[in-house]
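Once you know that position 98 of the sequence shown is 98 in full-length UniProt numbering, the rest is easy, because the numbers rise by one and skip nothing. One structure is given below, encoded as structure tokens.
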Amino acid sequence: MSEIAAAFGADLILLNLFDVFEPKVSGLEVKDAKDTVKRLKELTGRPIGVNLEPVDPDVKMESTKFELPKGRIATAESMRRAEELGFNFVCYSGSGVTNKMIVQAVRTAKENFSGMIIAGKMHGDGVDEPIADEESVKAMIDAGADVILVPAVGTVPGFTSDELIKIVKIVHQHDGLVMSTIGTSQESSGKDVIREIALKNKTCSVDIQHIGDAAWGVLSPTETIFELSKTIRGLNHTISE
């Protein structure tokens, strides 16, 4: 699936539901599990990242809480393992996570991981606190995040272009990057929706546009990846990549 995403315009591949202590990618055969990420990079020609969730055991939830295996939770041990496996970047987001724990995960990553650090929230997902505000963004930057992750305008009710522009300005003033995310199942909403989201968020000066995997549970529909890339940078750059 990673090869397909790359073929249709993805520049970065982010693995979700990946257990760093039991590395396995469906359909990818390797003699030694520790070579999984290395082989995936060879096949795709893309930087590969992993999503680790900074779970807060004391968080007040508005919905049911699920337990995760330790290989998917953001800890010093899992970050060191991500480094050993050869991941180019880590992403600290997920379901039922708090801004406080994301900041803590970033600090831990700076001590245990040498690659790029992406941090923030795609949506609220049951946690009773702001998804993205100036205070939490500044805290993540101060902790060492390279890229601040926020919801794409048009994906989360009430998160507006004005709010995103404020966050982008703060992050850029600190020499960071902003990644707007489509993590609300709208990756399967069709080309027109994807095109509108892409243009809205490019207008707000975001640096990276993410698209999720909710359509089939493993990958966005290829036509929406292609449409996203084509809308943001044109057909010539989409194909040449």
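Even for Gly, the Cβ is constructed at its ideal location relative to N, Cα and C.
Contact check, residue i vs residue j, beta carbons under 7 angstroms
{"i": "ALA198", "j": "ILE167", "result": "no"}
{"i": "VAL106", "j": "MET140", "result": "yes"}
{"i": "ALA152", "j": "ALA119", "result": "no"}
{"i": "VAL137", "j": "ILE117", "result": "no"}
{"i": "GLU134", "j": "VAL97", "result": "no"}
{"i": "GLY71", "j": "PHE113", "result": "no"}
{"i": "ILE73", "j": "VAL55", "result": "yes"}
{"i": "THR44", "j": "ALA82", "result": "no"}
{"i": "VAL147", "j": "HIS123", "result": "no"}
{"i": "ASP142", "j": "PRO69", "result": "no"}
Cβ separation of residue i and residue j, assumed to be a contact under 8 angstroms, to the nearest whole Å
{"i": "GLY9", "j": "LEU164", "result": "Not really, about 23 angstroms apart at Cβ, beyond 8 angstroms."}
{"i": "LYS121", "j": "ALA132", "result": "6 angstroms"}
{"i": "PRO47", "j": "ASN88", "result": "4 angstroms"}
{"i": "GLN186", "j": "VAL193", "result": "6 angstroms"}
{"i": "GLY234", "j": "GLY212", "result": "Between GLY212 and GLY234 the Cβ distance is about 23 angstroms, and since that is not below 8 angstroms, they are no contact."}
{"i": "VAL150", "j": "SER180", "result": "6 angstroms"}
{"i": "LEU40", "j": "LEU28", "result": "6 angstroms"}
Distance, residue j Cα to residue i Cα
{"i": "GLY154", "j": "THR160", "result": "8 angstroms"}
{"i": "SER2", "j": "THR36", "result": "12 angstroms"}
{"i": "LYS34", "j": "ASP162", "result": "44 angstroms"}
{"i": "ASN99", "j": "GLU129", "result": "8 angstroms"}
{"i": "VAL30", "j": "GLY86", "result": "15 angstroms"}
{"i": "MET101", "j": "HIS210", "result": "22 angstroms"}
{"i": "GLU42", "j": "ASP11", "result": "14 angstroms"}
{"i": "ASP207", "j": "GLY176", "result": "9 angstroms"}
{"i": "LYS202", "j": "ARG195", "result": "11 angstroms"}
{"i": "ALA214", "j": "SER220", "result": "7 angstroms"}
{"i": "residue 247", "j": "GLN104", "result": "Because the chain is modelled from 1 through 241, residue 247 falls outside the range shown and cannot be assessed."}
{"i": "GLU84", "j": "LYS169", "result": "35 angstroms"}
{"i": "PHE226", "j": "LYS200", "result": "17 angstroms"}
{"i": "THR75", "j": "VAL25", "result": "21 angstroms"}
{"i": "ASN236", "j": "GLY94", "result": "34 angstroms"}
{"i": "PRO23", "j": "LYS230", "result": "33 angstroms"}
{"i": "GLY32", "j": "LYS38", "result": "First, the residue type needs correcting, since residue 32 is Asp and not Gly in the sequence shown. Each residue's Cα considered, the two are about 11 angstroms apart."}
{"i": "GLU67", "j": "VAL218", "result": "21 angstroms"}
{"i": "ILE4", "j": "GLY158", "result": "34 angstroms"}
{"i": "GLY115", "j": "TYR92", "result": "13 angstroms"}
Closest residue to residue i among the options (Cα-Cα distance)
{"i": "GLN173", "options": "ARG80, LYS191 and SER205", "result": "SER205"}
{"i": "ASP80", "options": "GLU111, ASP32 and VAL25", "result": "First, the residue type needs correcting, since residue 80 is Arg and not Asp in the sequence shown. Nearest option by C-alpha distance: GLU111."}
{"i": "LYS191", "options": "ILE4, GLU223 and GLU84", "result": "GLU223"}
CB contact below 7 angstroms: residue i versus chain C
{"i": "PHE113", "result": "The structure shown contains no chain C; it holds only a single protein chain."}
What are the complete alpha helix (DSSP H) segments, minimum 4 residues, inside the stretch 111-176? You should have 134-143 and 161-173.
What beta strand (DSSP E) runs, 3 residues minimum, are completely inside the stretch 170-225? 177-181
Start-end ranges of the alpha helix (DSSP H) lying completely within the stretch 21-85, minimum 4 residues: Runs of the alpha helix (DSSP H) inside the stretch 21-85: 36-44 and 76-85.
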